[in-house]
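This report refers to the structure that appears directly beneath it.
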Amino acid sequence: MIVMAHYYLGTPTQLMLDCPIKPNQSDLRCGVDYLGRAAGGDRRCMILLASFLDVSASLSDSTHAVSKTTGPADFLLLPTLISASRDAVPFIYSDPWTEAISWYKKAVDKAGASSTADGAPDEGLDAESRYDAAEDLLPVYRILARMAEIYSIGGFGLKQDFSVAGGLFTQVGELASAALQGRLAAKYFEFGEEAYSNCD
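Numbered according to the UniProt record's numbering, the sequence shown spans residues 1 to 200.
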């Protein structure tokens, strides 16, 4: 199921590399459906599904496309979305950002199942302390940063909440600070302060 999801969404998969039948835009819905079924227990699929919901909603409305925390590399997670026409991108949920936040949270929680002696999540390992390939896809701090940004913008079924956004940006700043990434930490702390200043 995971292999088919990757195949239909145009993400690299070794098992289908030489398949003579290439997926087309009408297969996006099948790919997302397979991804949704596989995401129940696979962290990588959780991230891909959340990213699909996030990016497809953002692409449908240019006013939501401004991003402080994501760059072109994030959109390469789902290359089919970039080449697909907007009409071909399936809207599975009426509130895609609410669903995206839900899947992003699950991916973060699953990453946090493994922790070091000081209780901090060990971002490179899964719950059984094995290498976690999902970290290469999108590290925890970047997931949290994107969640913060979504909350600060609001829309697509998600209520704008500067308080939650500020808390998430601050959490990302703390993670960056713990990883001795001072410049990155300062940037996220600044985003957090900006979000808090917009609270009513």
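All C-beta atoms in this analysis are idealised placements derived from N, C-alpha and C, irrespective of residue type, glycine included.
Item	Value
Own chain residues within Cβ distance below 7 Å of glutamate 99, not counting five before or after	Leu53, Tyr93
Bridge-paired residues (DSSP) for leucine 158	Gly155
Per-residue DSSP class, three states only, for threonine 98	helix
Boundaries of the alpha helix (DSSP H) in which leucine 35 is found, first to last residue	28-38
Which listed residue (Ala185, Leu175, Val55) has its alpha carbon closest to that of glycine 112	Leu175
Limits of the alpha helix (DSSP H) - the one that alanine 185 falls within	182-197
Sequence-distant residues of its chain with Cβ nearer than 6 Å to alanine 120 (five each side left out)	For alanine 120, the predicted model reports a pLDDT of 47, less than 50, meaning its position is unreliable and no value from the coordinates is stated.
Selection from Tyr188, Gly173, Lys187, Ile101 that minimises the alpha carbon distance to glycine 154	Ile101
Secondary structure of isoleucine 21, DSSP reduced to three states	coil
Cβ neighbours of isoleucine 2 in the same chain (closer than 7 Å, five flanking residues each side left out)	Ala38, Asp42, Cys45
Lysine 22 versus alanine 186 - alpha carbon distance	45 Å
CA-to-CA distance, cysteine 19 to residue 202, given in whole angstroms	The displayed coordinates of the chain run from 1 to 200. Any statement about residue 202 would go beyond what the structure contains.
Residue environment, arginine 183, which counts as buried when at least 16 other CB atoms sit within 10 Å	exposed
Residue environment, leucine 9, which counts as buried when at least 16 other CB atoms sit within 10 Å	buried
Beta-carbon spacing of glycine 167, phenylalanine 189 below 8 Å	no
Nearest candidate by alpha-carbon position, reference serine 56, set Leu144, Asn198, Asp95, Arg142	Asp95
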